[in-house]
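Okay, so here's the structure we're looking at.
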Amino acid sequence: TAAMESKVIFVVLMVFSLALSTLAQYQAETCQVDPIKRQNCGPPGVSSSMCAEKGCCFDSTIPGFPWCFHPMAVDNLPEEECF
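The opening residue of the sequence shown carries number 1 in UniProt numbering; numbering runs sequentially from there.
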């Protein structure tokens with residue numbers, strides 16, 4: 001029935017939304033690297049899109065430190081953030 005189809009579509013969309021938000025949170029957590037621990041991932045002047053294409057993090061708000069840098073390894077996350 002149409003009502004059942006609507007419910008199924010709603011559940012599928014909810015699961016998809018949850019998966020995307022979890023992925024976004026994971027990426028944000030792995031990009032929270034202390035500036036002094038950042039390992040350069042691109043040439044000087046690299047754009048945020050070029051950096052993302054390499055699978056790296058981009059943060060140009062802290063002068064004197066790499067703007068494009070490798071994300072924190074999963075095994076380096078604090079214990080309370082492990083799944």
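Positions of the beta carbon are idealized from the N, C-alpha and C atoms, including for glycine. None of these values were measured; they are calculated from a predicted model.
Could you check what DSSP says for C68 in three-state terms: helix, strand or coil?
Taking the first residue of the sequence shown as position 1, residue 68 is located at position 68. DSSP places C68 in strand when its eight states are reduced to three.
So, are the CB atoms of G42 and C68 less than 7 Å apart?
By 1-based counting over the sequence shown, the position of residue 42 is 42. By 1-based counting over the sequence shown, the position of residue 68 is 68. Going by C-beta atoms, G42 is nearer than 7 Å to C68.
Would you please state the rounded distance, in angstroms, between the beta carbons of C51 and C31? I believe it to be under 8 Å.
On the sequence shown, position 51 is the one that residue 51 refers to. On the sequence shown, position 31 is the one that residue 31 refers to. The pair is not a contact, with the Cβ atoms about 11 Å apart (cut-off 8 Å).
Which residues in the same chain as K54 place their Cβ atom closer than 8 Å to its Cβ, once the five residues preceding and following it in sequence are excluded?
Residue 54 sits at position 54 when you count from the first residue of the sequence shown. C41, G42, C68, listed in sequence order.
Answer with buried or exposed for M4, where buried requires no fewer than 16 other C-beta atoms within 10 angstroms of its C-beta.
Counting from 1 along the sequence shown, the entry for residue 4 is found at position 4. By the neighbour-count rule (16 or more Cβ atoms within 10 Å), M4 is not buried but exposed.
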